[in-house]
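Student: Under the numbering used here, the residue at position 11 of the sequence shown is numbered 27, and the numbers go up by one with no gaps.
For glycine and all other residues, C-beta sits at the position ideal for the given N, C-alpha and C.
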Amino acid sequence: MKRPHTIIYITPDGKTKKEFSLHPIVFNLIIEGLILFLILIIAALIFVGAVYSDAIQKRIYANKVKKMEIEMAKMEQLKEDILYLYDKNEKIKELLGIDIQNTILRSHYDETRKVSIDTTITKEFLANSQTSIPDINPTEGEISRKFSKEHPAIDIATAAGSPVLSTIDGFVKDIGWDENFGNYIKIQNSKFEVFFGHLEKIYVKNLQNIKKGEIIGLVGSSGKSTAPHLHYEILSDTLLVDPEKFIKFK
């Protein structure tokens, strides 16, 4: 039989001494209880720490989301302000009688193509068959805006309904509607591509063969335009060139 465990208690002043005898089973139960209690305390501390950490992380995340929502709201407000200013600017231009399309970025050509001004066209460069060179006037009228880097075309002011002629032999590469240039036609051959914008009517179809001097449409004021005129461009080997290099207006 196992001997009982004796616990001796001495008071702080050392005058009193007490002894307690515990059965081994009771002693073991007390020790195991203390160990279990410590384990529970440690587990509780770990659990509380995890819950607290999770709460902190959620709060940080909520703050970040709130900041993002505030920034998005600011961006939306900025977008609305920009659109408002743009609309006001367009209305002012209309009141002043300025052709809006002159300030709009080119959208019907590839953005990667650089607009250049060719000032050194030589006779050798123009050595082609006569019908393939755009050397006739696309319509009768006066040039209201000349070719420049900002406006790589010419605008020809004339009466609405005036006939528009193809300036080259070729085929219809594309016809359609553009927000800026309204009804438009593109005609192409092996060397040149010509573009006609702001048309009132179109008389040709896609891929149709066209002869130089053939009537392809009528002058109008479609798209963003304040008065009837023809927007006319010449493209040669991806280079926009001045139409007045080929034709002369009175």
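Check whether the region 215-235 touches the region 255-265, taking contact to mean three or more Cβ pairs, one atom from each stretch, closer than 8 Å.
Tutor: When C-beta atoms of the region 215-235 are compared with those of the region 255-265, fewer than three pairs fall below 8 Å, so the two segments do not count as touching.
Student: I need the DSSP call for L54, collapsed to helix, strand or coil.
Tutor: helix
Student: Start and end of the beta strand (DSSP E) containing I184?
Tutor: Here I184 belongs to no beta strand (DSSP E), and DSSP marks it neither H nor E.
Student: Tell me where the beta strand (DSSP E) around H247 begins and ends.
Tutor: 245-252
Student: Using three-state DSSP, classify F208 as helix, strand or coil.
Tutor: Reduced to three states, the DSSP call for F208 is strand.
Student: Quick check on the DSSP output: the beta strand (DSSP E) that includes I149 runs from which residue to which?
Tutor: Taken as a continuous stretch (DSSP letters only), I149 belongs to no beta strand (DSSP E), as it is neither H nor E.
Student: What three-state label does DSSP hand K228 in the structure shown?
Tutor: coil
Student: From T128 to L246, what distance separates their C-alpha atoms?
Tutor: For T128, the predicted structure reports a pLDDT of 39, less than 50, and the residue's modelled location is therefore unreliable. A value from the coordinates is still provided. The straight-line gap from Cα to Cα measures roughly 26 Å.
Student: Looking at the ligand ZN, does it come within less than 7 Å of G198, judged from the CB to the closest heavy atom?
Tutor: In the structure on display, the ligand ZN does not appear, and there are no ligands present to speak of.
Student: Assuming A243 and A173 make a contact with CB atoms under 8 Å, what is their CB distance in whole Å?
Tutor: 7 Å
Student: Within 10 angstroms of the Cβ of L94, are there 16 or more other Cβ atoms? Answer buried if so, exposed if not.
Tutor: Flag for L94 reads exposed.
Student: Where DSSP assigns a beta bridge to Y200, which residues make up the other side?
Tutor: Answer by DSSP bridge pairing, in chain order: G192.
Student: Considering only C-alpha positions, which residue in the set Q146, T147, L54, N196 is nearest to K240?
Tutor: Measuring C-alpha to C-alpha distances from K240 to each of Q146, T147, L54, N196 identifies N196 as the nearest.
Student: Could you tell me the distance, in whole angstroms, from the CA atom of F187 to the CA atom of Q224?
Tutor: 5 Å
Student: Just confirm the distance between the C-beta atoms of K202 and F211, as a whole number of angstroms; I'd bet it's less than 8 Å.
Tutor: By a beta-carbon distance limit of 8 Å, K202 contacts F211. Their separation comes to about 5 Å.
Student: Since S160 is in the beta strand (DSSP E), which residue starts that stretch and which ends it?
Tutor: 158-161
Student: Just the Cα atoms here: how many angstroms apart are K189 and I232?
Tutor: 13 Å
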